[in-house]
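Listed in order, the protein sequences are those of chains G and F.
According to the working numbering, the first sequence is numbered sequentially starting from 5.
According to the working numbering, the second sequence is numbered sequentially starting from 5.
Number of protein chains: 2
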Amino acid sequence: MVSIKDIARKAGVSISTVSYALNGSDKVTPETCARILAIAKEMNYVPNAAARNLKKRETRIIGVFLTDFSGDVYGDLLYGIKEIMNRKGYDLIVCSGKQSHRMLPERMIDGAIVLDQTFSSEELLQYAERGHKIIVLDRELNHPNVNQVLLGNKAGGEQAAERVLSEFKGTTAVFCLNDEMAVGFYNRMAGTGLEIGRDIHVIGFDNIELAHYLQPRLSTIDYSKRKWGAVAAGQLLDILAGQPVENERIYVTLVKGDSIRLTRQA
Amino acid sequence: MVSIKDIARKAGVSISTVSYALNGSDKVTPETCARILAIAKEMNYVPNAAARNLKKRETRIIGVFLTDFSGDVYGDLLYGIKEIMNRKGYDLIVCSGKQSHRMLPERMIDGAIVLDQTFSSEELLQYAERGHKIIVLDRELNHPNVNQVLLGNKAGGEQAAERVLSEFKGTTAVFCLNDEMAVGFYNRMAGTGLEIGRDIHVIGFDNIELAHYLQPRLSTIDYSKRKWGAVAAGQLLDILAGQPVENERIYVTLVKGDSIRLTRQA
DNA sequence: CTGTTAGCGCTTTCAT
DNA sequence: ATGAAAGCGCTAACAG
């Protein structure tokens with residue numbers, strides 16, 4: 005493994021000069037800099053992340069914690085996060101499972117975006133208390149180092165559901181937690197003689213792609229997953245920079261399908 | 005940030021004793037060990053990953069590189085990988101995008117599983133040449149530090165497709181790269197008057213959940229994504245341990261739908 | 001069984 | 001403009 009020490013030796017300069025050159029400092033003459041860079045390239049030098057992290061006390065990586073890796077929802081969400089993070093020179097890693105709980109306290113990442121109920125609120129609060137910066141997407145949590153971006157608002161979210169239920173005149177209504185559960189419900193209903201949209205009414209959440217292809221087409225609550233991620237990322241960057249931020253909510257809307265029938269137009 | 009130095013001071017021992025105690029070495033008496041552990045806990049000590057990584061020259065983390073985070077395929081694949089990795093005390097991080105290309109050379113991870121064509125084969129070969137261990141899922145690559153797990157085999161894979169095409173007697177057959185493309189193709193065909201399964205025949209790959217809900221039901225190539233991931237993980241662990249491994253293939257099978265009609269039963 | 005010590009590779013003051 | 005040197009937090013000889 006070639007280190008700056010090797011480069012320094014070969015270039016006949018000190019390691020600090022190499023470090024400066026490698027980091028584009030203007031403390032080194034363009035000539036020296038160019039020479040060092042050339043030697044570094046020739047020697048296939050690659051900086052060592054652990055050493056840099058240890059010294060700088062930051063990794064420029066943020067972690068996203070998910071309950072699992074499956075599901076249609078995460079793709080856009082992560083895209084939204086990544087887009088914002090990369091723009092600010094932060095890298096993104098996605099983690100799941102028990103072992104991932106060490107990442108934040110052991111300082112492998114500079115901050116976290118959490119959509120994973122296996123992190124208890126006490127645990128997160130403890131991290132926050134130690135100075136770690138966290139955005140939660142799946143709960144409310146009050147701490148200077150924690151911010152939240154939740155779904156729904158007075159103009160859309162729960163109100164849409166409430167309106168649906170209040171206007172609904174049928175016999176049985178089912179409000180599924182999300183579209184995936186709705187799909188499971190569809191499957192369970194198949195062959196029972198009960199018809200969705202007539203005998204039983206279903207409404208989902210997330211508006212996954214599959215919802216469009218169900219028969220009858222699923223009514224569901226939609227929102228921009230990418231926006232959700234982007235807002236979360238922006239907030240994390242802000243609190244990492246020591247700026248105060250307000251909690252935010254992502255608008256949600258009702259996408260009408262045929263799995264539920266209302267008396268009036270929704 | 006509390007370090008082993010702080011613990012050592014408080015416990016009245018040296019930092020090496022603390023380190024030994026923390027790592028469960030039998031070089032420390034149970035009493036000393038217990039006392040140190042208690043103090044560590046009391047002080048909310050958490051080890052610093054960067055320092056450990058720097059010293060030990062390993063991170064016990066492996067990276068999975070994907071072209072993007074979306075899609076139905078990755079969930080099971082990652083589950084398969086994680087299951088095996090965690091069992092051996094390795095952590096898993098999932099990465100995507102340009103910045104993720106630094107992870108391996110900068111030694112933030114001990115090895116990589118690649119399903120991402122934005123990594124050129126030359127790039128991967130270069131990493132392998134420097135000693136990094138890699139499993140590729142999306143190409144063939146011959147190097148002692150690289151292994152591959154590809155889909156398909158003589159009994160299933162390409163042969164299924166070949167058989168489908170050879171037995172097919174219609175006018176137009178479309179072999180989509182994967183189910184997602186097939187879905188796009190269905191949508192493009194909608195309202196054209198052409199009927200899938202009669203005028204145009206389609207076969208996909210991956211057997212994503214959505215395939216079951218398409219009308220007509222999509223014929224597709226199926227395989228165990230979880231197995232794919234598990235085999236890849238197992239191979240990576242083997243080459244990390246310095247053991248020789250053989251390239252492997254994952255069996256694939258044809259799932260017959262109504263999007264293609266064969267003369268004989270497939 | 002415990003302590004001393006020498007780094008791992010890097011950044012960054014401070015001196016020259 | 002460059003170098004010397006300290007030290008980030010940890011592990012692991014080696015010495016006692």
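Ideal Cβ placement from N, Cα and C applies to all residues, glycine included.
Q: Sort F:Ile212, F:Asn48, F:Leu81, F:Ile207 by Cα distance to Leu154 of chain F and report the nearest one.
A: Closest in alpha carbon position to Leu154 of chain F, among F:Ile212, F:Asn48, F:Leu81, F:Ile207, is F:Leu81.
**Q.** Interfacial residues, the stretch 111-134 of chain G to chain F, with Cβ spacing under 8 Å
**A.** Listed by position along the chain: Arg111, Met112, Arg134.
Q.
From the DSSP secondary-structure annotation, give me the bridge partner or partners of Tyr24 of chain F.
A. DSSP lists no partner for Tyr24 of chain F.
Q) Using DSSP with H/G/I as helix, E/B as strand and the rest coil, what is Ser18 of chain F? A) Ser18 of chain F: coil per DSSP, three-state reduction.
Q) Which residues, taken in chain order from the stretch 201-217 of chain G, show a beta carbon closer than 8 Å to some beta carbon of chain F? A) Those residues of the stretch 201-217 of chain G that come within reach of chain F (Cβ to Cβ, closer than 8 Å) are Glu213, Leu214, Tyr217.
Q: Would you check if the stretch 31-49 of chain G and the stretch 8-17 of chain G touch, i.e. whether three or more CB-CB distances between them fall below 8 Å?
A: Contact between the stretch 8-17 of chain G and the stretch 31-49 of chain G is established, with three or more Cβ pairs separated by less than 8 Å.
Q. Secondary structure at Tyr227 of chain F, three-state DSSP: helix, strand or coil?
A. Three-state result, Tyr227 of chain F: strand.
Q: Measure the CB-CB distance between Ser100 of chain F and Phe69 of chain F and report whether it falls below 8 Å.
A: Annotated as proximal: Ser100 of chain F and Phe69 of chain F, with beta-carbon spacing under 8 Å.
Q: Under 7 Å Cβ to Cβ from Tyr78 of chain G, same chain only, skipping five residues before and after it: list those, please.
A: Taking Tyr78 of chain G as the centre and dropping the five residues before and after it, the same chain places the C-beta of Leu70 closer than 7 Å to its C-beta, in chain order.
(Q) Taking a contact to mean a Cβ-Cβ separation below 8 Å, would you say Ile139 of chain F touches Val118 of chain F in this structure? (A) Closer than 8 Å, so yes.
Q) Is the shortest distance between the beta-carbon of Ser7 of chain F and the beta-carbons of chain G less than 8 Å? A) Chain G, which has no Cβ nearer than 8 Å to the Cβ of Ser7 of chain F, makes this no.
Q: Please name the residue in F:Ala186, F:Val249, F:Lys92, F:Met47 whose C-alpha comes closest to that of Asn151 of chain F.
A: When each option's Cα is compared against that of Asn151 of chain F, the closest is F:Val249.
Q.
Against chain F, with Cβ distances strictly below 8 Å, would Lys45 of chain G count as a contact?
A. By this cut-off, Lys45 of chain G is not an interface position.
**Q.** Residues within the stretch 25-57 of chain F neighbouring chain G, beta-carbon criterion of under 9 Å
**A.** So the list reads Asn48, Val50, Pro51, Asn52, Ala53, Ala54, Ala55, Arg56, Asn57, given in the order they occur along the chain.
Q | Separation of Ile97 of chain F from Val98 of chain G, as counted between CA atoms | A | So the two alpha carbons sit approximately 6 Å from each other.
Q.
Check this for me: beta carbons of Ile113 of chain F and Gly201 of chain F, under 8 Å apart or not?
A. For Ile113 of chain F and Gly201 of chain F, no; Cβs fall outside 8 Å.
Q) Who are the neighbours of Asp183 of chain F on chain G, taking C-beta pairs under 7 Å? A) In chain order: nothing, as chain G lies at least about 11 Å away.
Q) Residues of chain G with a CB under 7 Å from the CB of Gly233 of chain F: which are they? A) None at all; the shortest Cβ gap to chain G is about 10 Å.
(Q) Would Asn146 of chain G and Gly135 of chain G qualify as a contact pair, given that the criterion is a beta-carbon distance under 8 Å? (A) At a Cβ-Cβ threshold of 8 Å, Asn146 of chain G and Gly135 of chain G do not count as neighbours.
Q.
If we require 3 or more residues per run, which beta strand (DSSP E) segments fall completely within the stretch 58-109 of chain F?
A. Inside the stretch 58-109 of chain F, DSSP marks whole beta strand (DSSP E) runs of 3 or more residues at positions 65-70, 95-100, from first to last along the chain.
Q. What residues from the stretch 240-259 of chain F come within 8 Å of chain G, judged by C-beta to C-beta, listed N to C?
A. Across the stretch 240-259 of chain F, no CB contact with chain G closer than 8 Å is found for any residue.
(Q) Distance check for Arg111 of chain F and Lys59 of chain F, CA to CA, integer angstroms please. (A) Their backbone Cα atoms lie some 12 Å apart in a straight line.
Q. For Ala116 of chain F, does the three-state DSSP call read helix, strand or coil?
A. The answer is strand: DSSP assigns Ala116 of chain F an E or B state.
Q. Which value, in whole angstroms, describes the spacing of the CA atoms of Trp232 of chain G and Lys86 of chain G?
A. If I take the Cα positions, the gap works out to 12 Å.
Q: Report the rounded CA-to-CA distance for Arg253 of chain F versus Gly238 of chain F, giving the unit in angstroms.
A: Approximately 13 Å between the Cα atoms of the pair.
Q) So is Ser74 of chain G in contact with chain F if we call contact Cβ pairs under 8 Å? A) Yes, Ser74 of chain G lies at the interface with chain F (some Cβ there is under 8 Å from its Cβ).
Q.
Quick check: the Cα distance between Asp72 of chain G and Arg91 of chain F, rounded to an integer number of angstroms?
A. Per the coordinates, the alpha-carbon of Asp72 of chain G lies some 17 Å from the alpha-carbon of Arg91 of chain F.
Q: Could you name the residues of the same chain whose beta carbon sits closer than 6 Å to that of Ile43 of chain F, not counting the 5 residues immediately before and after it, in chain order?
A: Annotation for Ile43 of chain F: Ile11, Lys14, Ala15 place their beta carbon closer than 6 Å to its own, counting only its chain and skipping 5 residues before and after.
Q. Are Asp95 of chain F and Arg64 of chain F touching if we call contact CB-CB under 8 Å?
A. Cβ distance < 8 Å, so Asp95 of chain F and Arg64 of chain F count as in contact.
Q. Any idea which residues DSSP pairs His147 of chain G with across the strands?
A. G:Val150, per the DSSP bridge assignment.
Q: Can you say whether Gly84 of chain F is buried or exposed, counting buried as having 16 or more other CB atoms within 10 angstroms of its CB?
A: A residue is called buried once 16 or more other Cβ atoms fall within 10 Å of its Cβ, and Gly84 of chain F is buried on that count.
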